[in-house]
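So the structure is just underneath, and the comments pick up after that.
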Amino acid sequence: MTTHPPQTAPSSLRRVVLSAFAGTSIEWYDFFLFGSAAALVFPQVFFPESEPGVGLLLSFMTYGVAFIVRPFGGIFFGFLGDVIGRKNVLIATLLLMGVGTFLIGLVPSFDVIGIWATVFLVLLRIIQGLGLGGEWGGAATLSAEHADGAGRSSSRGLLASWMQLGVPAGNLLAVGAMYVMQAVMPEDAFLAWGWRVPFLASAVLVAICFWMRAAVDESPLFDAEQREATPLRTMLRSHWRQVLITIGLRIASDVSYYVFAVFALSYIANTLELPASIGLTGVIVGCLLQFLVIPFSAHLSDRIGRRPVYIIGAVAVGVWSFIAWPLIGTGEPALAVAAIAVGIAAQGIMYGPMAAFITEMFGTRVRATGAGFGYQVAGILGGALAPFVAQLLTESFQTTFAVSIYVALTAVIAVIAAAVAKETTRKELA
Numbered sequence: 002m003t004t005h006p007p008q009t010a011p012s013s014l015r016r017v018v019l020s021a022f023a024g025t026s027i028e029w030y031d032f033f034l035f036g037s038a039a040a041l042v043f044p045q046v047f048f049p050e051s052e053p054g055v056g057l058l059l060s061f062m063t064y065g066v067a068f069i070v071r072p073f074g075g076i077f078f079g080f081l082g083d084v085i086g087r088k089n090v091l092i093a094t095l096l097l098m099g100v101g102t103f104l105i106g107l108v109p110s111f112d113v114i115g116i117w118a119t120v121f122l123v124l125l126r127i128i129q130g131l132g133l134g135g136e137w138g139g140a141a142t143l144s145a146e147h148a149d150g151a152g153r154s155s156s157r158g159l160l161a162s163w164m165q166l167g168v169p170a171g172n173l174l175a176v177g178a179m180y181v182m183q184a185v186m187p188e189d190a191f192l193a194w195g196w197r198v199p200f201l202a203s204a205v206l207v208a209i210c211f212w213m214r215a216a217v218d219e220s221p222l223f224d225a226e227q228r229e230a231t232p233l234r235t236m237l238r239s240h241w242r243q244v245l246i247t248i249g250l251r252i253a254s255d256v257s258y259y260v261f262a263v264f265a266l267s268y269i270a271n272t273l274e275l276p277a278s279i280g281l282t283g284v285i286v287g288c289l290l291q292f293l294v295i296p297f298s299a300h301l302s303d304r305i306g307r308r309p310v311y312i313i314g315a316v317a318v319g320v321w322s323f324i325a326w327p328l329i330g331t332g333e334p335a336l337a338v339a340a341i342a343v344g345i346a347a348q349g350i351m352y353g354p355m356a357a358f359i360t361e362m363f364g365t366r367v368r369a370t371g372a373g374f375g376y377q378v379a380g381i382l383g384g385a386l387a388p389f390v391a392q393l394l395t396e397s398f399q400t401t402f403a404v405s406i407y408v409a410l411t412a413v414i415a416v417i418a419a420a421v422a423k424e425t426t427r428k429e430l431a
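So for the sequence shown, my numbering puts the first residue at 2; every next one is plus one.
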């Protein structure tokens with residue numbers, strides 16, 4: 002029997018929201034740092050004996066490994082979140098991601114230890130994937146439940162979107178770090194050791210966020226709820242429809258983001274043979290725009306509903322995919338920057354209400370498990386494959402029009418998923 006949950010004090014809610022933003026930012030900084038390096042550095046450092054195109058594909062495959070293991074992180078840490086608490090899980094995922102990222106900065110190159118360099122790189126990417134797999138479900142659940150505990154359910158979308166801002170913040174830090182290191186160093190020095198500095202610097206950021214998360218209170222709804230002994234089995238038995246909807250909602254968001262934020266970097270630098278700084282600049286501008294788009298779309302979803310806002314975002318991404326790639330193909334730096342930036346901003350329309358939308362679909366006993374599992378499974382079909390599929394389509398058809406169709410098809414899936422989902426804006430989580 003669920004009892005009335007204790008209330009969350011305003012000061013506690015602020016700590017939760019701020020720590021969710023800071024911790025998620027650092028985890029995504031670690032994650033995206035690998036993506037930027039996969040597009041710009043790893044083909045030369047870890048796959049130097051392969052043809053350039055093959056080396057890039059192999060690099061993207063190591064990048065995608067994390068997406069394959071993220072559902073396992075979502076299941077394991079989601080289970081722990083529903084059994085022992087959301088707060089403890091978020092501390093564990095932060096430390097796991099931090100250790101993996103720091104050690105990547107220490108992996109010797111292929112020229113030093115041969116194939117073992119690639120093996121260590123993949124193993125550490127797996128660690129990153131497990132950590133990030135448990136992060137989203139725990140942070141989204143803790144933020145949404147504290148919002149209800151503070152009597153702010155009418156602003157749940159906006160409050161939960163703070164953790165969503167961690168994605169552009171983390172990507173901005175990652176791309177900015179790579180941009181600076183590449184700009185201030187000769188290319189030989191950058192490839193030899195300069196790219197490692199942002200990975201090693203992650204240790205300092207993780208220590209700061211650990212201190213912040215340790216001060217956060219546990220979810221009042223979790224404390225008041227009877228524990229579920231088998232949340233995964235219960236979730237699959239009673240919430241399978243919500244899991245499928247979550248996967249459908251997520252695919253377009255993942256594909257569009259990683260096509261513009263990762264594949265576009267390699268396409269501009271390797272296919273068009275333009276300065277890599279053009280793609281990096283586009284990603285930076287896009288991330289800055291998301292700081293406006295994400296909270297605005299989340300706030301709008303609190304007013305008019307999650308479903309219509311999400312559908313608007315999916316349509317925007319699908320339409321822009323047919324405009325962006327011809328602009329990038331002109332080779333004009335300003336047009337390429339604008340194409341990438343607008344594509345990332347359009348994805349932010351979907352990403353703003355997503356944390357609230359997904360967590361609201363699940364009951365308290367299985368919320369961390371369900372939200373994390375559905376979100377991360379979609380990552381395999383979306384972000385894990387997106388750069389690889391985009392590269393493969395471009396090489397196979399010798400045109401980026403195939404990439405536009407790919408993104409648009411995932412947008413159609415998202416529209417269908419949002420259309421069949423129940424509106425959850427006014428739902429009480431308790």
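Ideal Cβ positions, reconstructed from N, Cα and C, are used throughout, including at glycine.
As the structure is a prediction and not an experimental result, all values here were calculated from the model.
When Leu59, Asn89 and Glu396 are compared, the shortest CA-CA separation from Leu273 is found for Glu396. Within the same chain, and ignoring the five residues on either side of Ala118 in sequence, the residues whose Cβ sits closer than 7 angstroms to its Cβ are Phe47, Val108, Pro109, Ser110 and Phe111. Distance from the CA of Leu281 to the CA of Ala337, rounded to the nearest whole angstrom, comes to 10 angstroms.
Ser155 is classed as exposed because its beta carbon has fewer than 16 other beta carbons within 10 Å across all chains shown. Counted as a single uninterrupted DSSP element, the alpha helix (DSSP H) harbouring Ile329 occupies residues Arg307 to Gly330. Lys88 is classed as buried because its beta carbon has at least 16 other beta carbons within 10 Å across all chains shown. The count of Cβ pairs closer than 8 angstroms, one atom from the stretch 337-353 and one from the stretch 60-75, stays below three, leaving the stretches out of contact. A distance below 7 angstroms between beta-carbons, with the five flanking residues on each side excluded, links Asn172 to the following residues of its chain, in chain order: Trp29, Phe33, Ala262, Val284 and Cys288. With a threshold of 16 other beta carbon atoms within 10 Å, Gln243 meets it and is buried. Between the stretch 74-89 and the stretch 132-151, the count of Cβ pairs shorter than 8 angstroms is three or higher; the stretches touch.
Cβ atoms of Ala204 and Phe103 come within 8 angstroms of each other, at about 5 angstroms.
Cβ-Cβ distances below 6 angstroms link Gly306 to Glu424 and Thr426 in the same chain, with the five nearest sequence neighbours on each side left out; the list follows chain order. Here Val310 is buried: its Cβ has 16 or more other Cβ atoms, across all protein chains shown, within 10 Å.
Within the model, the alpha-carbon separation for Glu219 versus Leu81 is close to 13 angstroms. When the five nearest sequence neighbours on each side are left out, the beta carbons in the same chain lying within less than 6 angstroms of the beta carbon of Gln45 are those of Leu192, in order along the chain.
Taking every protein chain shown into account, the CB of Ile114 has fewer than 16 other CB atoms within 10 angstroms, so this residue is exposed.
Annotation for Met62: the continuous alpha helix (DSSP H) segment containing it runs Pro53 to Val84. Glu50 and Ala412 have their C-alpha atoms some 38 angstroms from each other. Judged by DSSP secondary structure, Ser257 falls within the alpha helix (DSSP H) whose first and last residues are Trp241 to Tyr259. Taking the Cα of Gly79 as reference, the smallest distance to any Cα among Gly177, Leu382 and Gly134 is reached at Gly134.
Scanning Phe363, Pro388, Ile359 and Ala385 for the CA closest to the CA of Tyr376 turns up Ile359.
According to the DSSP assignment, Ala337 belongs to the alpha helix (DSSP H) that extends over Pro334 to Thr360. Taking C-beta atoms as the reference points, Ser257 and Gln348 count as a pair closer than 8 angstroms.
One thing to note: Gly75 has its Cβ within 8 angstroms of the Cβ of Phe374. Leu430 carries a coil assignment under DSSP once its states are collapsed to helix, strand and coil. Ranking Val207, Gly101, Gly132 and Ala356 by CA distance to the CA of Ala23 puts Val207 first.
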